[in-house]
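Engineer: Taken in order, these protein sequences are the chains called A and B.
Position 6 of the first sequence, counted from 1, bears residue number 6 in our numbering, the numbering being contiguous throughout.
Position 115 of the second sequence, counted from 1, bears residue number 1115 in our numbering, the numbering being contiguous throughout.
Heads up, the beta-carbon is just placed ideally off N, CA and C, and yes, glycines get one too.
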Amino acid sequence: MSTRYGFYVDTRGCTGCKACQIACKDKNQLPVGVLWRRVIEVQGGSWNPRRPVFADQAAAGPDGLLPVWQTSAFAYFISAACMHCEAPICVEVCPTQALQQRQDGIVWIDSQRCIGCRYCEMACPYKAPQFDPAQGVMTKCDFCFDLLDQGSQPACVSACQMRVLHFGDLAVLRAQYGDQAGLYPLPDPALTGPALVLTSHRDARRHDQSEAHIGNQEEI
Amino acid sequence: MQSTRQHAWPLVFFTLLTQAAAGAFFWWGLAVLWLDLPVELTSGGFARTLLAVVLALLAFGTLAATLHLGQPGRAWLSLSHLRASWLSREALLGGSFGFLVLLVLLRSWQQSVFGGLENALVLLGLLAGAGLVYGISRLYRLRTVPAWDHAGTPAAFFITALLLGLVTITALWLGRSWFQSDFANEAWLNLWLYLAPLALIVLTVLQWGTFSLVLLSLSHRGGAAVAGLRLLATELRRVLVGRALAAFLALVLLAWPPFTRQPLLLGAALALLALSEILGRYLFYAFYRRVGI
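#1: On a Cα-Cα basis, can you pick out the residue from C141/A, A59/A and A98/A that is closest to Q29/A?
#2: Measure the alpha-carbon distance for C14/A versus T199/A and round it to whole angstroms.
#3: Hey, quick one: how far does the beta strand (DSSP E) through A80/A stretch, first residue to last?
#4: Identify which residue in E1040/B, L1265/B, L1139/B and L1166/B has its Cα closest to the Cα of R1015/B.
#5: State the DSSP-derived secondary structure class of I214/A, mapped to helix, strand or coil.
#6: What residues from the region 1223–1243 of chain B come within 8 Å of chain A, judged by C-beta to C-beta, listed N to C?
#7: Using 9 Å as the threshold, is the C-beta distance between P88/A and T192/A below it?
#8: So what does F167/A bridge to, in DSSP terms?
#9: Mind checking V1241/B: buried by the 16 CB within 10 Å criterion, or exposed?
#10: Does chain B have any CB closer than 9 Å to the CB of F131/A?
#11: Starting from V1291/B, find everything on chain A with Cβ-Cβ shorter than 9 Å and list it in chain order.
#12: Give the residues of chain A in contact with H1081/B, contact being defined as C-beta atoms less than 7 Å apart.
#13: In angstroms, rounded to a whole number, what distance separates the CA positions of S152/A and D146/A?
#14: Pull up the distance between the alpha-carbon of N1119/B and that of T1042/B, whole angstroms please.
#15: Just the Cα atoms here: how many angstroms apart are G44/A and A75/A?
#16: Under 8 Å Cβ to Cβ from I1169/B, same chain only, skipping five residues before and after it: list those, please.
#17: If you reduce the DSSP assignment to three classes, tell me which class M138/A lands in.
#18: The beta strand (DSSP E) with T96/A in it runs from where to where?
#19: Going by the beta-carbon positions, is the gap between T139/A and Q150/A smaller than 9 Å?
#20: Verify the contact flag: L1232/B, CB atom, against every heavy atom of the ligand SAM, threshold strictly below 8 Å.
#21: What are the boundary residues of the alpha helix (DSSP H) that A1186/B is part of?
#22: Please list, in chain order, the chain B residues whose beta carbon lies closer than 8 Å to that of V137/A.
#23: Taking 9 Å as the CB-CB limit, is R37/A close to chain B?
#24: Closer than 8 Å by C-beta to I1136/B: which residues in its own chain qualify, once you throw out the five before and the five after it? Chain order, please.
#25: Quick one: residues in its chain with C-beta nearer than 6 Å to the C-beta of Q97/A, no 5 flanking neighbours on either side, listed in chain order?
#26: On the DSSP letters alone, give me the boundaries of the beta strand (DSSP E) that E1090/B sits inside.
#27: So, are the CB atoms of R1289/B and A1224/B less than 9 Å apart?
#28: Cβ closer than 9 Å: which chain A residues qualify as neighbours of T1144/B?
#29: If you drop the 5 nearest sequence neighbours on each side, which residues of the same chain put their C-beta closer than 8 Å to that of L1232/B?
#30: Kindly say whether A195/A, judged by its beta-carbon, lies nearer than 9 Å to any beta-carbon of chain B.
#31: What does C114/A touch in chain B if you count any residue whose Cβ is under 9 Å from its own?
#32: Any Cβ of chain B within less than 9 Å of the Cβ of I220/A?
#33: Is R113/A closer than 9 Å to S1080/B when the C-beta atoms are compared?
#34: When DSSP labels each residue in this structure, what does R38/A get in the three-state scheme?
#35: Could you give the C-beta distance for A1022/B and L1132/B, rounded to a whole number, given that I count them as a contact under 8 Å?
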C-alpha cells in the first residue's frame, strides 16, 4: 500500500513559539497576511470564589463564600496547516481543478489554473487556502512536497523546537498515537477526514464544546 | 476568512441579476407557452425588449462575477470541473441559458408567429433558467457552512427569481405604457397590473416565511449556525430592519388597488421590493459562518 502522508501534533508539549509558522513563511516566501501554518491559542476557564467546607465556615463572608479564589483557567496551542484531507472539500468545489490531490494524499494548488474565485476558501473548515492579493490566486500548504521528494522534512517539522510536530505515513501515525483529530477549535473530523493525528493536552476540549475560545483570533 | 462581507457585493449583484433574468424569462415563457398572447407580446416589440433586458441582466451579472475573480482572464477555465464542482456547473448552466435566450430573441426577428421550434427553444430556456437558479443555490450548500446548508437556500433563491422576474416585467410594462399612450395591448396590461401585485404580495410573504423558518432551524443547530444568528441580532440588525421596512412598505403599496393604478406608486413598490431583495441577499452573505477555524 502506498504512503499517505499526515501530520502529528502533540499538543501537550506545544509552547506556541510559532517557529513552525515562521519556518513555513520563510521557506515559501509568503507575503504579509498569508499564513499557511497557524498556531492557535485555545483558552478557557475562569477564576471562581471558593465555597467553604465545614472547617472554613466560620471564615465565610455574608454571601457564604471564602475570600479565596480557585482557577479553572486553561490554555493550549494547536499548530494547524492544511490537513490534506481524505475527502478534501476544496478539491471537490474547485471549478478549474487547480486544487489537486496526489496519490500520497498531498493536496496542492496549480497556481496557473487558479482563477482566484475563493470558493475553496469559503468551503475549507481549516482556513487552509489563502488568497494572495498580489498574485490574484489561492495559495496553501503543500506539505513541502519538493523537500519530501528530496528525502527531507517539511520546513515546519524541521523547525519545531519542542519536537511535537511530526509527519509520516498516516496509518503508522494512527497506529502509534491513536486517531484523535477533532480537538477544539478544529471541526468535526467526519466532515473532511483530515490527515492529522493529535495527542490531547490535558485541558483539551472536543470540537463541539463551548467552554473554550480562540485567544489569538487576529493572528490566524 | 470567516466573513464574506468584504467581497460580497459582486456576488450579491451576480446572483440577483441572474436570478432576475431567469425569473423574467420564466414568467414570459410560461405565458408564451400556455396563453394565447398577441404577437406584440410573443415575438413583437415588447417581447424583444424583454428578451434583450434578460440578456443584459445576465451579462451584467456575469461581468460582476468575473470582475470579482483574482484572475478574470482565466474565467473560461471555470468549466473544467463539471464532474464535481457546482461552480463549474453554474457556469455551464448560465452560458446555456444565455445562449437559448439569444436564440429565442433571434428567432423572434425571423418569425413573427412562434411555431414548434420557437416553443421548444422557449421550453428549453425555461428549464435552463430553472437549472441555473438551482445550480447557484447548490453552490452554497456547503457542508462546512451550516448557515447555508439547508433547504431554505434553494427555496429563497427560487422565490427571489420569481419575485425579481415579476418586478422586471412589471417595470417594463410601466415603462412601455408611460411612453406609448396608444399601447395596443391595454387589456393585457390591465390584466397584468391586476395579477402582478397579487403575485408579488404572495411571493414576498413566502420569502419572509422561508426566512423565518430558516432562522428557527438555525437556532437549534448550535455552533457556527448560532454564531451567524448572533450577527443578525447585533451588527446586522439595521440591515435586517431596513429589509423588513422596505418589504412592508412595498406590501402596503401593492395591497391597495388605488395605489397600484398609480404608475409612480407602483414603481416605488417595485423599487422597494428590489431593495428588500438586495438587502436580503447581502444578509445571506453577511451571516456566513464556517465550522472550524
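Structural biologist: Reading it off the structure:
#1: Here residue 29/A is taken as the residue at index 29 of the first sequence, counted from 1. Nearest option by C-alpha distance: C141/A.
#2: Along the first sequence, read from residue 1 onward, the residue named residue 14/A stands at position 14. Along the first sequence, read from residue 1 onward, the residue named residue 199/A stands at position 199. CA-CA distance, C14/A to T199/A, rounds to 11 Å.
#3: Residue mapping note: residue 80/A aligns to position 80 of the first sequence, counting from 1. First-last of the beta strand (DSSP E) with A80/A: F74 to A80.
#4: As a first step, residue 1015/B must be located in the second sequence, where it is residue number 15. Here the sequence assigns Thr to residue 1015/B, which means Arg is not the residue at that position. If we check each option's Cα against that of T1015/B, L1139/B comes out closest.
#5: One-based indexing of the first sequence puts residue 214/A at position 214. Secondary structure at I214/A: strand, using DSSP grouped into helix, strand and coil.
#6: So the close ones are G1223.
#7: For the purposes of this step, residue 88/A is taken as the residue at position 88 of the first sequence. For the purposes of this step, residue 192/A is taken as the residue at position 192 of the first sequence. Yes. Within cutoff.
#8: For the purposes of this step, residue 167/A is identified with residue 167 of the first sequence, where counting begins at 1. According to the DSSP secondary-structure assignment, F167/A is paired through a beta bridge with F7/A.
#9: For this step, residue 1241/B is matched to residue 241 along the second sequence. With fewer than 16 other beta carbons inside 10 angstroms of its own, V1241/B counts as exposed.
#10: Taking the first residue of the first sequence as 1, we reach residue 131/A at position 131. So, interface residue.
#11: The residue labelled residue 1291/B in the question sits at position 291 within the second sequence. Close to V1291/B, with beta-carbon spacing below 9 Å, are these residues of chain A in chain order: P125, P187, D188, L191 and H207.
#12: Within the second sequence, the letter at position 81 stands for residue 1081/B. For H1081/B, the chain A residues whose Cβ falls inside 7 Å of its Cβ are C94, P95, T96 and Q97, in order along the chain.
#13: Taking the first sequence and counting its residues from 1, the one referred to as residue 152/A is at position 152. Taking the first sequence and counting its residues from 1, the one referred to as residue 146/A is at position 146. Straight-line Cα distance between these residues: approximately 9 Å.
#14: Looking up residue 1119/B in the second sequence gives position 119. Looking up residue 1042/B in the second sequence gives position 42. A direct Cα-to-Cα measurement between N1119/B and T1042/B gives close to 10 Å.
#15: For the purposes of this step, residue 44/A is taken as the residue at position 44 of the first sequence. For the purposes of this step, residue 75/A is taken as the residue at position 75 of the first sequence. CA-CA distance, G44/A to A75/A, rounds to 6 Å.
#16: For the purposes of this step, residue 1169/B is taken as residue 169 along the second sequence, with counting starting at 1. Excluding sequence neighbours, I1169/B sits near A1024, W1027, W1028, L1050, W1192 and A1196.
#17: Indexing the first sequence from 1 puts residue 138/A at position 138. Of the three classes helix, strand and coil, the one that applies to M138/A here is strand, per DSSP.
#18: Taking the first sequence and counting its residues from 1, the one referred to as residue 96/A is at position 96. T96/A -> no beta strand (DSSP E), and no H or E assigned at all.
#19: Stepping through the first sequence from its first residue, residue 139/A is reached at position 139. Stepping through the first sequence from its first residue, residue 150/A is reached at position 150. For the 9 Å CB-CB criterion, T139/A and Q150/A do not form a contact.
#20: Although the ligand SAM was asked about, the structure shown includes no ligands whatsoever.
#21: Here residue 1186/B is taken as the residue at index 186 of the second sequence, counted from 1. It is worth fixing the name first, because residue 1186/B is Glu in this sequence and not Ala. Element bounds for E1186/B: E1186 to S1219.
#22: Reading the first sequence from its first residue, position 137 is the one you call residue 137/A. Taking the beta carbon of V137/A as reference, the chain B residues within 8 Å of it are G1070 and Q1071, listed in sequence order.
#23: In the first sequence, the residue the question calls residue 37/A occupies position 37. Not an interface residue.
#24: Against the second sequence, residue 1136/B aligns to sequence position 136. Excluding positions up to five away in sequence, the list reads T1015, T1018, Q1019, E1090 and F1157.
#25: Locating residue 97/A in the first sequence gives position 97, where the first residue counts as 1. Once the five neighbours on either side are set aside, Q97/A has no close Cβ partner at all.
#26: Position 90 of the second sequence holds residue 1090/B. Counting along the chain, E1090/B falls outside any beta strand (DSSP E), though it belongs to the alpha helix (DSSP H) covering W1086 to Q1110.
#27: Numbered from 1 along the second sequence, position 289 holds the residue referred to as residue 1289/B. Numbered from 1 along the second sequence, position 224 holds the residue referred to as residue 1224/B. Their beta carbons are under 9 Å apart, which means R1289/B touches A1224/B by this criterion.
#28: For the purposes of this step, residue 1144/B is identified with residue 144 of the second sequence, where counting begins at 1. Near T1144/B (Cβ distances below 9 Å), the residues of chain A are I89, M122, A123, C124, P125, P187, L191 and T192.
#29: As a working mapping, residue 1232/B is identified with position 232 in the second sequence. Beyond the five residues adjoining it in sequence on each side, L1232/B comes within less than 8 Å, by CB distance, of L1215, L1240, L1283 and F1287 in the same chain, given in chain order.
#30: Here residue 195/A refers to the residue found at position 195 when the first sequence is read from its first residue. Not closer than 9 Å to any Cβ of chain B, the Cβ of A195/A fails to qualify, so no.
#31: Residue numbering aside, residue 114/A sits at position 114 when the first sequence is read from its first letter. Going along chain B in sequence order, the residues near C114/A (Cβ under 9 Å) are G1070, Q1071, R1074 and L1077.
#32: Locating residue 220/A in the first sequence gives position 220, where the first residue counts as 1. I220/A counts as touching chain B.
#33: Here residue 1080/B corresponds to residue number 80 of the second sequence, with the count starting at 1. Here residue 113/A corresponds to residue number 113 of the first sequence, with the count starting at 1. Taking 9 Å as the Cβ cut-off, S1080/B and R113/A qualify as a contacting pair.
#34: For the purposes of this step, residue 38/A is identified with residue 38 of the first sequence, where counting begins at 1. In the three-state reduction of the DSSP assignment, R38/A falls in the strand class.
#35: Within the second sequence, the letter at position 22 stands for residue 1022/B. Within the second sequence, the letter at position 132 stands for residue 1132/B. About 5 Å; that satisfies the 8 Å criterion.
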